[in-house]
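Read the structure below first, then the notes.
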Amino acid sequence: MRKLIVGCGYLGKRIAREWISQGHQVFALTRSPHRANQLRQAGIEPLIGDVTQGPDFRDLEQLETLLYSVGFDRHSGQSREAVTVDGLRKILARLPGKVARLLYISTTSVYGIDDGSWVDADTQCEPKQENGILALQAERILNSFAEEHRVSAGILRLSGIYGRGRLLARQQSLMNSVPISANPSGWLNLIHVEDAVSAILACETRGRSGATYLVSDDLPTPRREYYSLLAGLVGAPEPQFESSPEELQLLNKRCDNRRTKAELDWTPRFPTFVEGLPDAVQPE
10 MRKLIVGCGY
20 LGKRIAREWI
30 SQGHQVFALT
40 RSPHRANQLR
50 QAGIEPLIGD
60 VTQGPDFRDL
70 EQLETLLYSV
80 GFDRHSGQSR
90 EAVTVDGLRK
100 ILARLPGKVA
110 RLLYISTTSV
120 YGIDDGSWVD
130 ADTQCEPKQE
140 NGILALQAER
150 ILNSFAEEHR
160 VSAGILRLSG
170 IYGRGRLLAR
180 QQSLMNSVPI
190 SANPSGWLNL
200 IHVEDAVSAI
210 LACETRGRSG
220 ATYLVSDDLP
230 TPRREYYSLL
240 AGLVGAPEPQ
250 FESSPEELQL
260 LNKRCDNRRT
270 KAELDWTPRF
280 PTFVEGLPDA
290 VQPE
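See the structure below:
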């Protein structure tokens with residue numbers, strides 16, 4: 010089967026690796042000829058194009074799955090809206106009749122909750138920050154397209170991803186005793202990248218069309234506990250925090266993954282950061 014990944018970065022390349030191991034033909038969109046060479050070396054067939062310009066997919070044969078997993082690069086010169094909303098719209102406009110299943114990687118920022126309460130996939134979305142507002146718009150665009158063209162669609166709202174190679178900058182900051190600009194008592198919702206991959210693949214094969222899944226591990230944790238363990242694992246001093254009044258009011262919620270686990274028959278390999286961080290600090 011043919012798969013297309015738009016956004017083949019830290020998460021997407023791991024999905025590609027799994028699909029290739031299953032015998033699928035995997036394509037990935039990239040703007041960079043250098044990145045295209047890296048993709049080829051990984052067994053991925055690159056398509057040169059820019060998500061914000063509406064790539065030409067005329068020569069692309071029927072796809073089983075499109076994974077849209079585009080992150081925002083502040084150094085790209087493009088707006089978040091151009092990538093998150095307009096980019097998705099332009100990609101979908103070139104795919105009617107060419108794809109059977111859509112998977113969209115969203116964010117838990119769509120909830121906009123700051124009082125530490127619990128959320129799940131059915132919690133009402135009232136985003137307060139730009140990334141959450143735009144992600145919710147993109148979710149609605151995806152569902153509308155899927156309904157109009159009668160294709161399967163799944164949305165996965167991922168908590169903060171961590172894993173091997175993802176924590177290097179933070180480890181260095183801890184080693185240098187750089188204060189963390191955040192509320193130490195605020196809740197962190199996390200998902201190890203390998204568990205994010207397994208949840209996405211479970212959604213592809215077992216998810217209900219039109220469903221939204223909240224992908225997080227089993228235990229939200231106070232930020233101080235997470236960084237204290239990370240510091241201990243890498244031999245850094247106990248972390249220091251500095252919090253402005255504005256930072257104390259940032260999004261603060263606890264994610265409930267029980268419905269996702271039940272519906273997708275999915276169990277995270279790393280149920281909490283206590284199991285996941287020792288793996289995450291290992292070399293890739």
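All residue numbers for the sequence shown refer to our numbering, where the first residue is 10 and numbers rise by one.
Here a beta-carbon is modelled for each residue, glycine too, at the ideal position from N, C-alpha and C.
Bridge-paired residues (DSSP) for residue i
i, result
"Y222", "L165"
"K12", "V35 and T74"
"L111", "L75 and A162"
"E54", "F36"
"R263", "W127"
"I170", "I200"
Span separating the alpha-carbon of residue i from that of residue j
i, j, result
"K12", "G163", "15 Å"
"P188", "Q71", "50 Å"
"V202", "C134", "25 Å"
"D68", "L56", "11 Å"
"L176", "L239", "9 Å"
"N38", "E27", "In the sequence as displayed, the identity of residue 38 is Leu instead of Asn. Spanning the two alpha carbons is a distance of roughly 17 Å."
"V79", "I114", "8 Å"
"I200", "D226", "5 Å"
"L75", "T117", "21 Å"
"D65", "G58", "8 Å"
"E293", "R173", "5 Å"
"A211", "L112", "11 Å"
"G106", "H33", "20 Å"
"P280", "V224", "12 Å"
"L101", "E148", "12 Å"
"N140", "V119", "8 Å"
"N266", "I142", "22 Å"
"N192", "R159", "44 Å"
Assigned exposure category for residue i - 16 Cβ within 10 Å defines buried
i, result
"W127", "exposed"
"A178", "exposed"
"V15", "buried"
"P229", "buried"
"P42", "exposed"
"P246", "exposed"
"A25", "buried"
"D204", "buried"
"G195", "buried"
"N261", "buried"
"D95", "buried"
"R83", "exposed"
Three-state secondary structure assigned by DSSP to residue i
i, result
"T2", "With the chain represented from 10 up to 293, any question about residue 2 goes unanswered, as that position is not in the structure."
"R49", "helix"
"F250", "strand"
"T132", "coil"
"H276", "The residue you asked about is not His; residue 276 is Thr in the sequence shown. The answer is coil: DSSP assigns T276 none of H, G, I, E or B."
First and last residue of the uninterrupted alpha helix (DSSP H) at residue i
i, result
"L242", "R232 to V243"
"L177", "L177 to M184"
"L273", "R267 to L273"
"L199", "Looking at the DSSP string, L199 is not in any alpha helix (DSSP H); the run it does join, the beta strand (DSSP E), is L199 to H201."
"D288", "F282 to A289"
"G18", "That residue, G18, is in no alpha helix (DSSP H); it is neither H nor E in DSSP."
Endpoints, the beta strand (DSSP E) within which residue i is located
i, result
"I122", "Unbroken run through I122: none, as it is neither H nor E."
Residue i: CB within 7 Å of a non-hydrogen atom of the ligand FAD
i, result
"G241", "With respect to the ligand FAD, the structure shown offers nothing to examine, as it has no ligands at all."
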